[in-house]
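Residue numbers (my numbering), protein chains in the order written: chain A, 94 to 365; chain B, 127 to 434; chain C, 400 to 714. Here a beta-carbon is modelled for each residue, glycine too, at the ideal position from N, C-alpha and C.
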Amino acid sequence: MKTTSTWALRAVVLFYLGVLIGLPVTFLVVKALGHGFGPFWSEVTQPNALSALKLSLEVAAIAVPINAVVGVGAALLIARHKFVGKRVLDTLFDVPIAISPIIIGIALVLAYSKIGWFGAPLTRYGIKVLFSPLGIILATMSVSLPYVLRSILPVLTEVGEDQEQAARTLGAGRFRIFWNVTLPSIRWAVLYGVTLTIARTLGEFGAVLVVSGNITGVTQTLPIYIFDSWDQRFDVLGSYSGALVLALISIGVLAILAALKRREKNLLVDFA
Amino acid sequence: MPTDSLVRPTPSTLHSSPTQSGWRRVGSRLSLPFLMGGGGALIVGYLSIIVLLPIAALISHGLSIAVSTHGSGWAFWHWHVSFGFRAFWTAVSAPGSRSSIWLSLWLSFSVAAINAVMGVAIAWVLVRDRFFGRGFIDSVIDLPFALPTIVAGVVLLAIYGPSSPIHVDLFETWMGLMLALLFVTLPFSVRAVQPVLASLDLESEAAARTLGAGGLRTFFSIVMPSLWPSVLSGFGLAFARAVGEFGSISLIAGGIGRTTTASYYIFNLTAGFLWVDAAAVSTALLAISLVVLVTTNVVSRRFQKRLL
Amino acid sequence: MSISLSHLTKHYAKTHAVQDVSAEIKHGSLTAILGPSGSGKSTLLKLISGLERPDEGTVTIDGEDMTHVDPRHRDIGFCFQHYAPFRHMNVAKNVAFGLKVRKRPKKEIDERVGDLLSLVKLEGKAKSYPSQLSGGERQRMALARALAIEPRVLLLDEPFGALDAVVRAELRHWLKELHGQLHVTTVLVTHDQQEAMEVADQLIVMRAGRVVQSGNPLALYESPATDFVHEFLGPSTVFEGEVTRPHDLELVSVHLGQVKGRITSIVSLGFEAQVTVELSDGTSTWVQLSRNELSAMGLRVALLVGVRRREDVDG
Chain A
94 MKTTSTWALR AVVLFYLGVL IGLPVTFLVV KALGHGFGPF WSEVTQPNAL SALKLSLEVA
154 AIAVPINAVV GVGAALLIAR HKFVGKRVLD TLFDVPIAIS PIIIGIALVL AYSKIGWFGA
214 PLTRYGIKVL FSPLGIILAT MSVSLPYVLR SILPVLTEVG EDQEQAARTL GAGRFRIFWN
274 VTLPSIRWAV LYGVTLTIAR TLGEFGAVLV VSGNITGVTQ TLPIYIFDSW DQRFDVLGSY
334 SGALVLALIS IGVLAILAAL KRREKNLLVD FA
Chain B
127 MPTDSLVRPT PSTLHSSPTQ SGWRRVGSRL SLPFLMGGGG ALIVGYLSII VLLPIAALIS
187 HGLSIAVSTH GSGWAFWHWH VSFGFRAFWT AVSAPGSRSS IWLSLWLSFS VAAINAVMGV
247 AIAWVLVRDR FFGRGFIDSV IDLPFALPTI VAGVVLLAIY GPSSPIHVDL FETWMGLMLA
307 LLFVTLPFSV RAVQPVLASL DLESEAAART LGAGGLRTFF SIVMPSLWPS VLSGFGLAFA
367 RAVGEFGSIS LIAGGIGRTT TASYYIFNLT AGFLWVDAAA VSTALLAISL VVLVTTNVVS
427 RRFQKRLL
Chain C
400 MSISLSHLTK HYAKTHAVQD VSAEIKHGSL TAILGPSGSG KSTLLKLISG LERPDEGTVT
460 IDGEDMTHVD PRHRDIGFCF QHYAPFRHMN VAKNVAFGLK VRKRPKKEID ERVGDLLSLV
520 KLEGKAKSYP SQLSGGERQR MALARALAIE PRVLLLDEPF GALDAVVRAE LRHWLKELHG
580 QLHVTTVLVT HDQQEAMEVA DQLIVMRAGR VVQSGNPLAL YESPATDFVH EFLGPSTVFE
640 GEVTRPHDLE LVSVHLGQVK GRITSIVSLG FEAQVTVELS DGTSTWVQLS RNELSAMGLR
700 VALLVGVRRR EDVDG
């Protein structure tokens, strides 16, 4: 029944979303491409911009697989085993989401930089954390930690052990069970988690800002570059252009997530 | 419903999903490709490096914790642990610190509250209503989550800043901060409520209708009692997120002044290499966020169970 | 309060849930709408209640056209298959809900709730929560809740479907008694023909969205209009090309029967026995015998027998 209250609610919601999300996205496109595609492209292909993009991608290439493996491993532990401190392990993964990225950055500095706890032993081995790509990688791994775990865990729990046990009675070994039975049952969830991790990794700003020291060309990831363009150099177009690139990546990510959601829905219906 | 909890991985509230009750927890012998001992140790080691040790270092520096031994021997009863409370308090109660913490708290509270209401409205439209483009809107809700915070900052400044095309200048205003925070916390509020709303028993609402209750009455008497734990949980998440938010407000906040939030204040301390002070204020902020998050989590989980 | 349904039609997507249904429900009666799942009976009930609106046709309650009236204003009580309890309210508050909505004074509400709880035999459970009640108790609570507003019509959607057999039988009996006491026009939807036969004084049989036959239960049982009704309302078998009741057939010595066959199985159910016979023309039929008949005839599998209708002997 489409009553007036239905339409009123729709109007309120659409207005709110329009102002909050629709408007900003539209204007970003307008601002970035307002002067034509040419200037946008030259901004995007500037050496500093490109090296920022490169660094972002490199960091992602390291952080994402590690967090994916850790996420899958931890999910298996939590879903399939009983042990002391299980709850603690589970909660630990939530910490990065609940904390400000700035604070994460500071925490890393106070643990691993020259002035930190492990500063002395690390510098002796020439491992530099502050103002270096290594620090950025650590920071990025920290903030993007939970996404894979949180995506997989509910599915792993819901699917249950029956299939794995059946495989065991049929003689399959541990690895085969994992590879042929467990992993396929959670594959869409894994993809979902990995996609979110990638988005987070590419977009991380606060923690990296603290740890990296913002050295152009060396420790600037793309988000830092965007910030720097605006804040330090008032290079507005450079900022918008970089922002549009990241926004497009995010929208791409969203589209993938939406498609995966639909797949997962179909898959789960089988288990019902 | 697992699918909906997939929609957004939010902290442990996922585990209160009703589907879990039917599944038996087995401490089984069914093993992993790597030994549980070995793999588990690796994971714990990794978490220590990435999360535990840094946080410990932060708190230790923030509270100026010093551990020394006195007397002979290394046994722990010879240890002496001291807190540098004075240093901590000085950093935290500095005027800049106090005003920024206060600003963060009331801003985050307001934003979490507004989005708690809007979150329910949006979730309602997404779950109960059917219209063209509903799936699109559903995906769009995740945009603030997938979008880098700095991009959000740039974009919000573009519309609501000095060169605003609609002539709305919110640069260095609380309103500007609020818009940024509303944007960033929206997905948390919606996704906390959405799956619970979707799993509600429609028969109860139909029963209320036959007994004479109108739309609003049914909503407050029948729907909300089942829904409020998840709304509260969403509130806690949104609050924690808002308190910690940096990227999206870093530009619209302008310089130090009335619009300096706690995160920005702390960042400025690090820019000036005042690490210990930064650690102190961070620890204070952490404590507040933790209290709010744990409280809302515990309360919401307790009442969520009772209704099932 | 009589109900008059006229040419009701309702479809969902491509299927017609209810197709051109017309029926009269007498004031004070206990009518059962009976049919297999998917026959549209629940939809029909929802149309009567107003929880669904028809695409065509009218619903008239007590002479007033209620087709487009909101369920809130139809003065009906509705009970759901899964009870739809208000989980966060205790039993007393559940039952009181309709009265609270109508803003009755507290004293009146308390009194009425007390009376109703006695009526449904839940006196001691006023402060309990639905989760603490058994299925049967929850349904009784739901009934009390629906009756609290003194509805003109009571609608029950497969009310005992989720309960086990013993409880179901008890509640059936109890419902019939309650109806005898209160005389509220009651419409009950069920797929259980035994339930319908036991409880109702008027039957409406539905199939694939249409009414196949309606009337007095016994009349329908004895004179079913179609094979479907025959089969749905009671045990059926085919004999001499007709759909027949197994207890209308009997077995005789192979020389006496015109139709001959061989026994293929004997199932003894204690109070009765079902004997399956493969006939000379290749078809199979089964006959219902009493315990005494079975033991008297000394039947066994593979025996040749004659099959005939019982009436033939008297006629």
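In this model, A:VAL301 and A:LEU150 are separated by some 14 Å (Cα to Cα). B:GLY164 does not reach chain A, its nearest Cβ partner there being about 10 Å away, counting only Cβ pairs nearer than 7 Å. DSSP, reduced to helix, strand and coil, places C:HIS646 within a helical segment of the structure shown. The three-state secondary structure of B:HIS206, taken from DSSP, is strand.
At a cut-off of 8 Å between C-beta atoms, B:MET350 does not count as an interface residue with respect to chain A. Interface with chain C (8 Å Cβ-Cβ cutoff): B:SER330 is included. Within the same chain, SER305, GLY306, ILE308 and THR312 come within 7 Å of A:PHE224 by CB-CB distance, once the 5 residues on both sides are set aside. Taking 8 Å as the upper bound for CB-CB distance, B:ILE175 and A:GLY166 are not in contact here, some 15 Å apart. The DSSP-derived three-state label of C:HIS426 is coil.
Nearest to B:LEU273 by C-alpha distance, out of B:SER374, B:VAL420, B:ALA213 and B:LEU328, is B:SER374. Within chain B, the residues whose beta carbon sits less than 9 Å from that of C:VAL500 are ALA334, LEU337, GLY338, ALA339, GLY340, ARG343 and SER347, listed in sequence order.
In the structure shown, C:ALA483 adopts coil according to DSSP, grouped into three states. One alpha carbon belongs to C:HIS629, the other to C:TYR620, and they sit about 7 Å apart.
According to the DSSP assignment, C:SER635 belongs to no alpha helix (DSSP H), since it is labelled neither H nor E. C:LEU407 is bridged by DSSP to C:VAL420.
If only complete runs of 3 or more residues are kept, the region 532-605 of chain C shows the beta strand (DSSP E) at 552-556 and 584-589, in order along the chain.
In this structure, the beta-carbon distance from A:LEU203 to A:GLY228 does not fall below 8 Å. Residue range 300-324 is occupied by the alpha helix (DSSP H) that includes B:SER315.
In the displayed model, A:GLN139 falls within coil according to three-state DSSP, outside both helix and strand. Secondary structure at A:LEU330: helix, using DSSP grouped into helix, strand and coil. Listed as beta-bridge partners of B:ALA192 by DSSP are B:SER208.
Counting along the chain, C:LYS659 sits inside the beta strand (DSSP E) bounded by residues 658-667. Take C:PHE485, set aside five residues on each side of it, and the residues of its chain with a beta-carbon closer than 8 Å to its own are LYS492, ASN493, PHE496 and PRO529, in chain order. Under the Cβ distance rule, A:ARG103 counts among the residues neighbouring chain B, one pair being separated by less than 8 Å. Annotated as distal: B:PRO321 and B:PRO270, with beta-carbon spacing of 8 Å or more. Contact of B:ASP255 with chain C is not assigned, every C-beta pair being separated by 8 Å or more.
Under the three-state reduction of DSSP, B:GLN430 is assigned to helix. Sorting C:GLU641, C:VAL420, C:GLY456 and C:LEU617 by C-alpha distance to the C-alpha of C:GLY439 places C:VAL420 at the top.
The beta carbon of A:PRO316 falls within 8 Å of a beta carbon belonging to chain B, placing the residue at that interface. In the structure shown, C:GLU671 falls within a strand segment according to DSSP collapsed to helix, strand and coil. Against chain A, the beta carbon of B:HIS293 has no neighbour under 9 Å; the closest one sits roughly 13 Å away.
Taking 8 Å as the CB threshold, C:PRO453 stays off the interface with chain B. Looking from the CA of C:ASP454, the closest CA among C:HIS426, C:ALA431, C:ALA624 and C:HIS410 belongs to C:HIS410.
Under the 10 Å beta carbon count, B:ASN241 is surrounded by 16 or more other beta carbons and is classified as buried. Between the alpha carbons of C:ALA547 and A:LEU238 lies a gap of roughly 56 Å.
In this structure, B:GLY380 is the residue among B:THR409, B:ALA406 and B:GLY380 with its C-alpha nearest to the C-alpha of B:GLU298.
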